[in-house]
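Start counting the sequence shown at 13; every next residue gets the next number (this note's numbering). All residues carry an ideal CB built from backbone N, CA and C; glycine is no exception.
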Amino acid sequence: MINLADGKHDPELLKAQAHVWNHIFNFINSMSLKCAIDLGIPDIINKHSKPSWSSTPRGKTKLVTLPELIAALPVHPSKARCVPRLMRLLIHSGFFEKQKVSEDDQEEGYVLTNASQLLLKDNPFSVTPFLQAMLDPILTKPWHFVSTWLTNDDPTPFDTAHGRTFWDYGGHEPMLNHFFNDAMASDARLVTRVLLNECKEVFEGFIGGCWRRHRNRGQVHSRSFPTLGLYCIRSPTCGS
13 MINLADGKHD PELLKAQAHV WNHIFNFINS MSLKCAIDLG IPDIINKHSK PSWSSTPRGK
73 TKLVTLPELI AALPVHPSKA RCVPRLMRLL IHSGFFEKQK VSEDDQEEGY VLTNASQLLL
133 KDNPFSVTPF LQAMLDPILT KPWHFVSTWL TNDDPTPFDT AHGRTFWDYG GHEPMLNHFF
193 NDAMASDARL VTRVLLNECK EVFEGFIGGC WRRHRNRGQV HSRSFPTLGL YCIRSPTCGS
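Right under this line is the structure:
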């Protein structure tokens, strides 16, 4: 470690400051993504887009120009100038890309990436429910209380922030119970799809359980593994 206060290491001083700032403002990435989901940007690009001149192995790439995107968004006219700033952040984060409308045209449009395809509402492996749950104020608030939690005897930061356990909160607040269940189901659909495709032999002959709320997924597993024993778990906090 060098002495950054001696005035002889300005490059290192600026590098250290940049490292600190990067961690200070990291929340902007997740909140910008949440904003895009709240506004429906991935679905707008997917549904309102037109084919571009470029193509992929799966066919023509679909894009939306900035004016088309702004026109489709429910933003106030005075805030339209903020949309390209938001999109620049999301492009930097890898959720969208820019492509030319045509080979001879300088106008560009926004296209989806592999990551943003997982944010589409009609994608059976959409992770949007998981994103909305994890970035909900109910679940982000405890992070502001970690230092306080470390000084008391509460079992979790959630208890410190909300004055009750997570499960007690969910038992009295249907909204939390609902979006948390949807988040877990969303994550499980994607993970189990990969497991069924890549690790099928591991599950042969196993006995598994499924929550009653998501028994349809258990039926899919049953069809995939005829020899797999399944039982259904009924839980008052998981719906019916």
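Secondary structure in the stretch 68 to 137: the beta strand (DSSP E) runs of 3 residues or longer, each lying completely within the stretch, are 71 to 77, 108 to 112, 120 to 124 in chain order.
The Cβ neighbour count for VAL123, taken over all protein chains shown within 10 Å, is at least 16; the residue is labelled buried. It is roughly 22 Å from the alpha-carbon of LEU188 to the alpha-carbon of PHE39.
Between ILE49 and LEU130, the CB-CB gap reaches or exceeds 8 Å.
Secondary structure at ARG176: coil, using DSSP grouped into helix, strand and coil. DSSP places LYS27 in the helix class (H, G or I) of the three-state scheme. ASN164 sits in coil when the DSSP states are folded into three classes, being neither helix nor strand. DSSP places PHE37 in the coil class of the three-state scheme, outside both helix and strand. ALA173 and TYR181 have their C-alpha atoms some 11 Å from each other.
Boundaries of the alpha helix (DSSP H) around ASP194: 186 to 210.
Taking a C-beta distance under 8 Å as the contact criterion, ASN41 and SER105 qualify as a contact pair.
Annotated three-state conformation of LYS20 is coil, per DSSP. Between ALA145 and ALA197, the gap from beta carbon to beta carbon reaches 8 Å or more. By the Cβ-count criterion, PRO141 is buried, with 16 or more other Cβ atoms from all chains shown falling within 10 Å of its own Cβ.
Here ILE56 has ALA84 as same chain residues with Cβ atoms under 6 Å from its own Cβ, once five neighbours each way along the sequence are excluded.
When only Cα atoms are considered, ASP117 and MET13 end up about 52 Å apart.
The shortest CA-to-CA distance from PHE191 to any of GLY175, ASP148, ILE53 is the one to ASP148.
Taking a 10 Å sphere around the C-beta of SER159, we find fewer than 16 other C-beta atoms and assign the residue as exposed. Residue range 140 to 146 is occupied by the alpha helix (DSSP H) that includes PHE142.
Looking at the backbone, the Cα of SER90 and that of GLU119 are separated by about 23 Å. Between the alpha carbons of GLY175 and THR152 lies a distance of about 15 Å. Just measuring C-alpha positions, the residue of LEU45, GLY121, LEU101 sitting nearest ILE82 is GLY121.
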